[in-house]
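Colleague: Residue numbers (our numbering): 2 to 172.
Where is the CB? At the ideal position from N, CA and C, for every residue including glycine.
1. How would you call residue 110, buried or exposed, if buried means at least 16 neighbouring beta carbons within 10 angstroms?
2. Hey, is the segment 34-50 in contact with the segment 139-146, meaning 3+ C-beta pairs nearer than 8 Å?
3. What are the uninterrupted segments assigned as beta strand (DSSP E) that are 3 or more residues long and contained completely in the segment 20-94, given in chain order?
4. Could you tell me whether the segment 157-168 touches the segment 125-132, using the rule of 3 or more Cβ pairs below 8 Å?
5. Under DSSP, the alpha helix (DSSP H) around residue 159 begins and ends at which residues?
6. Rounded to whole angstroms, what's the CA-CA distance from residue 102 to residue 127? Just pull it up for me.
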């Protein structure tokens, strides 16, 4: 009887693991400090421009612009890496993770795990802490080529991405 129960538990665990591994979930969602995020950005220097979007599940403008950013991340995938950083409290980590998964976000994303002022100042000295906040880094230099607070138009995003991709190229 005990062997039968252990076998059933083993089969159930195996099937759950198989289901999870086949679900296409490629989200790597990590707690991060400002330094962690800047290190992730630096990994793409010389390879891709980087757009970092700071958002939260409770932020209506963040949620409104999110699908457009996901679409741009797919359109510019060969030239731009998009990183999402949730400003939700750690108590809401699963809600933020689920939001990302439901929107088809794959790869590396973060949730803030640092005191607000230290985090905000560590990301950019001119960021007030307002959400959404977007910052774009140049492909070659890795320097900030554009940043803005609040929701913006797709045109603003595209212009910043094009500028970041051309960063360091001779005219």
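Modeller: Reading off the structure:
1. With at least 16 other beta carbons inside 10 angstroms of its own, residue 110 counts as buried.
2. As far as the Cβ criterion goes, the segment 34-50 touches the segment 139-146, which means the pair count is three or higher.
3. 28-33, 50-56 and 81-87, all fully within the segment 20-94.
4. No, because fewer than three Cβ pairs between the segment 157-168 and the segment 125-132 fall closer than 8 Å, the two stretches do not touch.
5. From DSSP, the alpha helix (DSSP H) with residue 159 extends over 155-167.
6. The C-alpha of residue 127 is placed about 31 Å away from the C-alpha of residue 102.
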